[in-house]
Amino acid sequence: MKSAEHHSKSVESFSDSQDEVTGLPWLCTWRSIYLFVFGSFILWVLLLLALTVSFS
Amino acid sequence: MNLLDFVVLIGSLLAIAAYGAWHTRRHRNLSHYLRGDENVGWLTIGISVAATQASAITFISTPGQGYESGLDFVQNYFGMPLALILIAAVFLPIYRRLNVYTAYEYLGHRFDAKTRLLGAALFLLSRGLAAGITIYAPAIILSTVLGWRLDLTIILSGLLVTIYTVTGGSQAVSLTQKYQMTVIFGGMIIAFGILLMKLPASIGDAFTVAGGFKKLEAVSFSFDLHRRYTFWTGLLGGFFLSLSYFGTDQSQVQRYLSGWSLRASRLGLMFNAVLKIPMQFFILLLGVMVFVFYQFEQPPVFFNHAAWQQAVRHDPGGKLQTLQQEFATACAQKEQFIHQWLDAKHAGDAPSETAARSQALAVLDRCNTVRAEARTVMEANDPGVKSNDADYVFVTFILDHLPHGLIGLLIAAFFAAALQSKSAELNALGSTTTIDFYRHLLKHEASDAHYVAASKWFTLFWGLVAIAFALFANLVENLIQAVNIIGSVFYGVVLALFLVALFLKRVGGTAIFWAALAAQTLVFVLYFSLSISYLWYNFIGCAACVLFSLIIQAAIGSNARSAKA
């Protein structure tokens, strides 16, 4: 079946692609980069929340 | 504007466009024309992705949004970093592996030809509509404040971007975007610095005034469905909007597929995931600081000077002039209360501070009421008048309060922003028409040179369509919202096509095709009958399409089993 075959290939490709190096000195894996991005998002929300509360 | 401003404006715009067209004038093959130079690095991709999203509307309209409503619009972007992580981890490897030119080719691989064409058609429809706005939006504002002819502004800026996009293809788009972003951020940062220097109050006092007038309420956890921007609409609606825009809109997909590797494309996306919220915050804060500036300086009753003067000329009862005087008196009174408020704060006199702040707030309400009355009078005298002046706030500030030379740079920045997003849109519209319709339906086997030529003709065609649409456009919404509304109406369903393709392997082409048509119809019906925040349509369209596809697939499967039995 076209869709099932294709889907399994996609998943396989996804896991392969996680092994590719990021080339960045401190964030060597893609997982660490995604965590860094998520962390920076949380930080911005907290800062904006602090701004909202401080000047309300 | 004086001669120096015109030299800076025309010089910077033409130099960037000419360099982009000249540097990329030769194309070896279709891949080079549609994807660009394979040596493009992640930073160029990141800037190109940011530039495609940040149109002139972002830099003209967003400060106006900050002036009117404060920082709450920043919540619109809360879902974006999460969406970009998902795209980088799941969507990108698949696009790379299939080596596609357009995102819709993937739908053809996974489902069938009709679903691919449906996805491509929805893109052409939504992006074709938005393409007109990205030319019209800056043109209507800049022609009004500068006294230029609107039609000539639209035609000249539209032709300039069409010419270098047709000539240089994807590489010209990326190359020019890099320099255009330099002009834009240079201009915006200098404008912000000068604005801070011109403020009669310290930065701390400016924040106190902005906060006291409720302009610094950046995050709201309200569950009110009618409230346009909350943490929840931003996180959920913004997530689906961003997932659809960055993951399935060809104008973005084409930008990050131009990298030489999966790594470059991913890092380019992550660059945007980190950059976008602070960037939007900075632009909104600029608008808030313009608001604070006008608390110490007499603001106009209506920021669109040309429309105001025309309205005053056609106001037989002289009501507008009376309102103008009333507004000036109220503003002067408000300034007095603000000084009392800040003096009390510095003296540590909390009761006086609270009292003065309450009085300043009451007078601000009166100022807003007078402004609303003025708009009502203008609409009564001329029903065709554009009574929303938020888009004119920042341009008016620039023209009235910045030095010459810098005015030219800022106006150049607005045009550069219009050109950079327009060029990516035209590039994507031309590519999709060539790859998903022309090559797929009409001419299967032809040389690369033939497809490059076809792509150039289609890009030219879309450039002319956008110019024609812009010439006849008539918008009433705040411009940045108009673009987001168009996107939200279509993006949910387009996203569902891709989510089902990726994650629901049991659903086939026929089921998703009819589910998409049904869900899009539902979104249209709801849009014209409900008054909920437009961001919800991203979620509704997506959820409806996924649900319908499962139901239809189950029905098809059940029928097939019955037929076999």
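Respectively, the protein sequence lines represent chains G and X. For the first sequence, counting from 1, position 36 maps to 36 in our numbering; every step adds exactly one. For the second sequence, counting from 1, position 489 maps to 489 in our numbering; every step adds exactly one. Glycine is no exception: its CB is placed at the ideal position from the N, C-alpha and C atoms. Fair warning: this is a prediction, and the values are worked out from it, not measured in the lab.
Cβ separation of residue i and residue j, assumed to be a contact under 8 Å, to the nearest whole Å
i: Ala482 (chain X); j: Ala131 (chain X); result: That belief does not hold up - the Cβ atoms of Ala482 (chain X) and Ala131 (chain X) are roughly 13 Å apart, past 8 Å.
i: Lys456 (chain X); j: Val161 (chain X); result: The Cβ separation is near 14 Å, so there is no contact.
i: Ile277 (chain X); j: Trp30 (chain G); result: That belief does not hold up - the Cβ atoms of Ile277 (chain X) and Trp30 (chain G) are roughly 21 Å apart, past 8 Å.
i: Pro138 (chain X); j: Ile60 (chain X); result: 6 Å
i: Gln250 (chain X); j: Thr102 (chain X); result: 5 Å
i: Asn381 (chain X); j: Asp315 (chain X); result: 6 Å
i: Ile512 (chain X); j: Ala264 (chain X); result: In fact, because the Cβ distance is near 31 Å, the residues do not count as touching under 8 Å.
i: Ala496 (chain X); j: Gly541 (chain X); result: 7 Å
i: Gly79 (chain X); j: Gly187 (chain X); result: Not quite, the Cβ-Cβ distance comes to about 29 Å (not below 8 Å), so this is no contact.
i: Val183 (chain X); j: Ala555 (chain X); result: Between Ala555 (chain X) and Val183 (chain X) the Cβ distance is about 56 Å, and since that is not below 8 Å, they are no contact.
i: Ile532 (chain X); j: His226 (chain X); result: 7 Å
i: Leu30 (chain X); j: Val452 (chain X); result: 6 Å
Whole-angstrom distance between residue j and residue i, CA atom to CA atom
i: Gly20 (chain X); j: Thr165 (chain X); result: 9 Å
i: Arg371 (chain X); j: Ala362 (chain X); result: 14 Å
i: Thr329 (chain X); j: Leu51 (chain G); result: 32 Å
i: Ser32 (chain G); j: Pro81 (chain X); result: 14 Å
i: Ile411 (chain X); j: Gln553 (chain X); result: 53 Å
i: Tyr179 (chain X); j: Leu4 (chain X); result: 21 Å
i: Arg149 (chain X); j: Ala306 (chain X); result: 13 Å
i: Pro566 (chain X); j: His109 (chain X); result: Outside the shown range of chain X, which is 1 to 565, sits residue 566 (chain X), and nothing can be said about it.
i: Ser15 (chain G); j: Thr248 (chain X); result: At Ser15 (chain G) the pLDDT is 43, less than 50, meaning the model places this residue with poor confidence and gives no usable figure here.
i: Phe490 (chain X); j: Leu547 (chain X); result: 17 Å
i: Glu5 (chain G); j: Phe111 (chain X); result: In this prediction, Glu5 (chain G) scores a pLDDT of 47, lower than 50, which makes its location untrustworthy; no coordinate-derived value is stated.
i: Gln75 (chain X); j: Thr233 (chain X); result: 8 Å
i: Gly168 (chain X); j: Ile551 (chain X); result: 46 Å
i: Lys334 (chain X); j: Arg375 (chain X); result: 21 Å
i: Val500 (chain X); j: Cys545 (chain X); result: 9 Å
i: Leu195 (chain X); j: Phe293 (chain X); result: 8 Å
i: Leu517 (chain X); j: Ile190 (chain X); result: 48 Å
i: Lys319 (chain X); j: Cys331 (chain X); result: 18 Å
i: Ala355 (chain X); j: Asp205 (chain X); result: 17 Å
i: Leu504 (chain X); j: Gly492 (chain X); result: 16 Å
Residue environment, residue i, which counts as buried when at least 16 other CB atoms sit within 10 Å
i: Asn538 (chain X); result: buried
i: Phe223 (chain X); result: exposed
i: Thr432 (chain X); result: buried
i: Gln298 (chain X); result: exposed
i: Leu9 (chain X); result: buried
i: Gly119 (chain X); result: buried
i: Gly11 (chain X); result: exposed
i: Asn484 (chain X); result: buried
i: Gln53 (chain X); result: buried
i: Gln254 (chain X); result: buried
i: Pro25 (chain G); result: exposed
i: Pro93 (chain X); result: buried
i: Phe528 (chain X); result: exposed
i: Ser258 (chain X); result: buried
i: Pro351 (chain X); result: exposed
i: Val37 (chain G); result: buried
i: Gln520 (chain X); result: buried
i: Met197 (chain X); result: exposed
i: Asp389 (chain X); result: buried
i: Glu353 (chain X); result: buried
i: Asp151 (chain X); result: exposed
i: Gly147 (chain X); result: exposed
Start-to-end residues for the alpha helix (DSSP H) that takes in residue i
i: His32 (chain X); result: Leu30 to Arg35
i: Arg127 (chain X); result: Ala113 to Leu146
i: Met197 (chain X); result: Leu150 to Lys198
i: Phe302 (chain X); result: Per DSSP, Phe302 (chain X) belongs to no alpha helix (DSSP H) and is neither H nor E.
i: Ile411 (chain X); result: Leu406 to Thr432
i: Glu326 (chain X); result: Lys319 to Ala347
i: Leu522 (chain X); result: Gly509 to Ser529
i: Met1 (chain X); result: Met1 (chain X) -> no alpha helix (DSSP H), and no H or E assigned at all.
i: Ile33 (chain G); result: Trp30 to Ser54
i: His109 (chain X); result: Ala103 to Arg110
i: Ala218 (chain X); result: No alpha helix (DSSP H) contains Ala218 (chain X), which DSSP labels as neither H nor E.
i: Phe246 (chain X); result: Gly238 to Thr248
i: Pro383 (chain X); result: Run containing Pro383 (chain X): none; DSSP gives neither H nor E here.
i: Leu611 (chain X); result: Limits of chain X in this structure are 1 at one end and 565 at the other, which puts residue 611 (chain X) out of reach.
i: Asn272 (chain X); result: Leu262 to Phe296
i: Ala466 (chain X); result: Asp448 to Phe472
Does the pairing of the stretch 235 to 246 of chain X with the stretch 84 to 100 of chain X give three or more beta-carbon distances under 8 Å? In short, these stretches touch, since the Cβ pair count reaches three.
Could you tell me whether the stretch 168 to 179 of chain X touches the stretch 316 to 330 of chain X, where touching means 3 or more Cβ pairs closer than 8 Å? Result no; under three Cβ-Cβ pairs closer than 8 Å.
State whether the stretch 113 to 128 of chain X contacts the stretch 281 to 293 of chain X, with contact taken as three or more CB pairs (one from each stretch) at a distance under 8 Å. Between the stretch 113 to 128 of chain X and the stretch 281 to 293 of chain X, the count of C-beta pairs closer than 8 Å stays below three; the two stretches do not touch.
Stretch-stretch touch, CB-based, cutoff 8 Å, three pairs: the stretch 340 to 355 of chain X with the stretch 208 to 218 of chain X: Yes, since at least three Cβ pairs between the stretch 340 to 355 of chain X and the stretch 208 to 218 of chain X fall closer than 8 Å, the two stretches touch.
Could you say if the stretch 391 to 399 of chain X and the stretch 425 to 444 of chain X meet the contact criterion of at least three C-beta pairs nearer than 8 Å? Judged by Cβ distances under 8 Å, the stretch 391 to 399 of chain X makes no contact with the stretch 425 to 444 of chain X, as fewer than three pairs qualify.
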